[in-house]
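Protein sequence lines correspond, in order, to chains A and B. Final position of the first sequence in the working numbering is 147; the numbers increase by one with none missing. Final position of the second sequence in the working numbering is 329; the numbers increase by one with none missing. As structure tokens, the structure follows; a few thoughts come after it.
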Amino acid sequence: MSKKDGLDAFLRSKASTEPEIDWEARKDRWISEITKLYDQIKEWLSPLEKDEVVRYSTLTMTLQEDPIGSYQVDVLMLLVGKQRVEFRPKGTLIVGANGRVDIQGPRAMRTIVLQDGRWLIVERSPRVKTRPFDKDSLETVLKEVMA
Amino acid sequence: MTLQISIRRDQTTIEDMWNYYGTVRDSIVQSAESAKQNPLEGAGLEDPRLFGSDLGDMEKLLDEADKQASFFIVAAAEAGILVDFYKRVAMKKPKDSVTRAFRNIHNTRSKGRVRLEDVLDTWAAEIPIAKADIRLFKGALRFRHWLAHGRYWVPKFGRAFDPTALVGIVTRLFDKIGVPND
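Rendered as structure tokens:
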């Protein structure tokens, strides 16, 4: 086989095997996962919302991720007394995961990631570990991030 | 002539640093690419240390890798210039004017290390076509100084330095003054 044949075959194999990614669909699904996360958090806290212990607010922020481009997502703000905890999406192009939301409180920040359709809390103490993000772990996270 | 210092045989070269930088940079870029390529279901844990990093985090890692590699490329270049200096000083019967000038520098600094600035100024005086490259290299030394001292002040270099630019600066300088590049 000549060098030209080798190059030809190599580039043709790359052209045929590189998967096409529908970035628009990935972005839409990511935004949908964020919405579902916020709905779940609100459901867990609904008794407290009825008693006016917690309130919610949202603001829109712009994410920029090549090759998706820039797009807008909601930041969920949990208001408890004078304190505010923000659920701030970081992006869907995340190493080892399909999305990341940072939970920023007045005292600390924690990270949850989307993996295989499930939200997981990331712990680094010192090795990286994850555990499911559920109602119990939300309580733990809020205790850690709030003053 | 007896030298004031012992020269190590296994010098770290610019090529060593360039290869190291390539390894680090490729690793970061591949992790960033894996974040782009993962389908929405079934993402794998590529590197536990990078797990959860977004593209902004990866950019910061690349920037840090650039700075660290820049530091060591300039350090390797300094070593190359000074090893050449000491080898010339140790010659038994130097005939060229650069080597004679180096011996004078060496002899006048019998109790201390030779200043790189003096060596560079000698090269600039003896090889006029290298003056511009020496000026650029002195800028690179100021950049390294900033890195070495913790980057706590806002620098004014007049140009951007990164590993690619620095390897270019050093390679051109070494070619002009005849210092080995490996």
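Heads up, the beta-carbon is just placed ideally off N, CA and C, and yes, glycines get one too.
is_contact[residue i, chain A] using C-beta, thresh 8 Å
i	result
L209 (chain B)	no
G199 (chain B)	yes
A182 (chain B)	yes
E178 (chain B)	Rather than Glu, the amino acid found at residue 178 (chain B) in this sequence is Ser. Answer yes: the Cβ-Cβ gap between S178 (chain B) and chain A drops below 8 Å somewhere.
L294 (chain B)	no
P195 (chain B)	yes
L313 (chain B)	no
G189 (chain B)	Because the pLDDT of G189 (chain B) is 49, which lies under 50, any placement of that residue in the model is unreliable, and the number read from its coordinates should be weighed accordingly. So, interface residue.
L150 (chain B)	no
L202 (chain B)	yes
Alpha carbon of residue i to alpha carbon of residue j, nearest angstrom
i	j	result
W44 (chain A)	V301 (chain B)	48 Å
T227 (chain B)	K27 (chain A)	Contrary to the premise, residue 227 (chain B) reads as Gly rather than Thr in this sequence. Cα to Cα, the separation comes out at about 51 Å.
K331 (chain B)	F249 (chain B)	The structure shown has nothing for residue 331 (chain B), since chain B only spans 148 to 329.
A222 (chain B)	F321 (chain B)	14 Å
Q83 (chain A)	P310 (chain B)	46 Å
G189 (chain B)	V171 (chain B)	Annotation note: pLDDT 49 at G189 (chain B) (below 50); position unreliable, coordinate value reported separately. Using only the alpha carbons, I get a separation of about 26 Å.
L93 (chain A)	F198 (chain B)	11 Å
A272 (chain B)	K14 (chain A)	54 Å
A25 (chain A)	Q64 (chain A)	16 Å
A307 (chain B)	W23 (chain A)	34 Å
R107 (chain A)	E139 (chain A)	15 Å
L267 (chain B)	M61 (chain A)	52 Å
F10 (chain A)	L209 (chain B)	29 Å
M205 (chain B)	R156 (chain B)	37 Å
Y38 (chain A)	K303 (chain B)	46 Å
Cross-strand partners of residue i (DSSP beta bridge)
i	result
S153 (chain B)	DSSP lists no partner for S153 (chain B).
P195 (chain B)	DSSP lists no partner for P195 (chain B).
E123 (chain A)	A:K129
R107 (chain A)	R107 (chain A) pairs with nothing; no bridge assigned.
V73 (chain A)	A:M61
Y56 (chain A)	A:L78
R118 (chain A)	A:Q115
Own chain, CB closer than 8 Å to residue i, minus 5 neighbours either side, in chain order
i	result
R168 (chain A)	Since the first and last residues shown for chain A are 1 and 147, residue 168 (chain A) lies out of range.
V54 (chain A)	L45, L48, L78, L79 and V80
A212 (chain B)	Y168, V171, R172 and I175
L288 (chain B)	V221, E225 and L263
is_contact[residue i, chain B] using C-beta, thresh 8 Å
i	result
I94 (chain A)	yes
K90 (chain A)	yes
T111 (chain A)	yes
A97 (chain A)	yes
E123 (chain A)	no
R127 (chain A)	yes
R55 (chain A)	no
E65 (chain A)	yes
Where residue i falls: helix, strand or coil (DSSP)
i	result
E86 (chain A)	strand
P275 (chain B)	helix
S200 (chain B)	coil
T255 (chain B)	helix
E264 (chain B)	helix
R100 (chain A)	strand
R235 (chain B)	helix
G325 (chain B)	coil
V95 (chain A)	coil
Q158 (chain B)	coil
F249 (chain B)	helix
W300 (chain B)	coil
Own chain residues within Cβ distance below 7 Å of residue i, not counting five before or after
i	result
T246 (chain B)	R235 and M238
R88 (chain A)	V75, V101, D102 and Q104
R110 (chain A)	I103, I121, V141, E144 and V145
S57 (chain A)	M77 and L79
L283 (chain B)	I316
K36 (chain A)	none
I281 (chain B)	L267, W270, A271 and L320
R118 (chain A)	P132
6 Å Cβ shell around residue i - same chain, five flanking residues per side excluded
i	result
Q115 (chain A)	A97
E86 (chain A)	V75, M77 and Q104
G91 (chain A)	L63 and E65
Proximal chain E residues relative to residue i, where beta-carbon distance stays under 7 Å
i	result
R100 (chain A)	Here the protein chains are A and B, and chain E is not one of them.
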